[in-house]
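*Asks:* Quick note: the sequence shown uses UniProt numbering, first residue 1, plus one each step.
We put the CB at the ideal spot given by N, CA and C, even for glycine.
Have a look at the structure that comes next, please.
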Amino acid sequence: MLKTFCGDHQQINHDLKLNEGEWRRIRCLIKFLETVYVAIKMLQKSDLTIRDFYGIWIQTKNKLNQINSTLSLSILNTYYFLTN
């Protein structure tokens, strides 16, 4: 949808003409934001147990590792720095 919009309007606004590397970074950013959003929503449950929290954290950590972007790796590195 975003790529279609940018393609349709790149003649009007040249800033919307993005190369494949830029689109790849946008896809990584969207995956990162979706992963964090889902985790935040799950952590807002009122009856959250420590087991639930740990499961959500491990799942989120694994997904961020899979995304393997600068942003996701910096979040993971911050966690490792704080726990050591």
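1. Please classify L67: is it buried, with 16 or more other beta-carbons within 10 angstroms of its beta-carbon, or exposed?
2. Helix, strand or coil for L18? Go by DSSP, reduced to three states.
3. If distances are taken between C-alpha atoms only, which option among Q11, I12, I26 and H14 comes closest to M1?
4. By the 10 Å Cβ neighbour count, where 16 or more other Cβ atoms means buried, how is T49 classified, buried or exposed?
5. Does L48 come out as helix, strand or coil in the three-state DSSP assignment?
6. Could you give the C-beta distance for L71 and L16, rounded to a whole number, given that I count them as a contact under 8 Å?
7. Helix, strand or coil, according to DSSP, for Q11 in the structure here?
*Replies:* According to the structure shown:
1. Here the question's residue 67 lines up with position 67 in the sequence shown. Checking the sequence shown, residue 67 turns out to be Ile, not Leu. By the C-beta density criterion, I67 is buried, having at least 16 other C-beta atoms within 10 angstroms.
2. Looking up residue 18 in the sequence shown gives position 18. In the three-state scheme derived from DSSP, where H, G and I count as helix and E and B as strand, L18 is classed as coil.
3. Residue 1 sits at position 1 when you count from the first residue of the sequence shown. Residue nearest to M1 within the set Q11, I12, I26 and H14 is I26 (criterion: CA-CA distance).
4. Working through the sequence shown from its first residue, we reach residue 49 at position 49. Answer is exposed; the Cβ neighbour count stays below 16.
5. Indexing the sequence shown from 1 puts residue 48 at position 48. Note: L48 maps to coil in three-state DSSP.
6. Taking the first residue of the sequence shown as position 1, residue 71 is located at position 71. Taking the first residue of the sequence shown as position 1, residue 16 is located at position 16. With 8 Å as the limit, L71 and L16 do not qualify as a contact, their Cβ atoms being about 22 Å apart.
7. Working through the sequence shown from its first residue, we reach residue 11 at position 11. Reduced to three states, the DSSP call for Q11 is coil.
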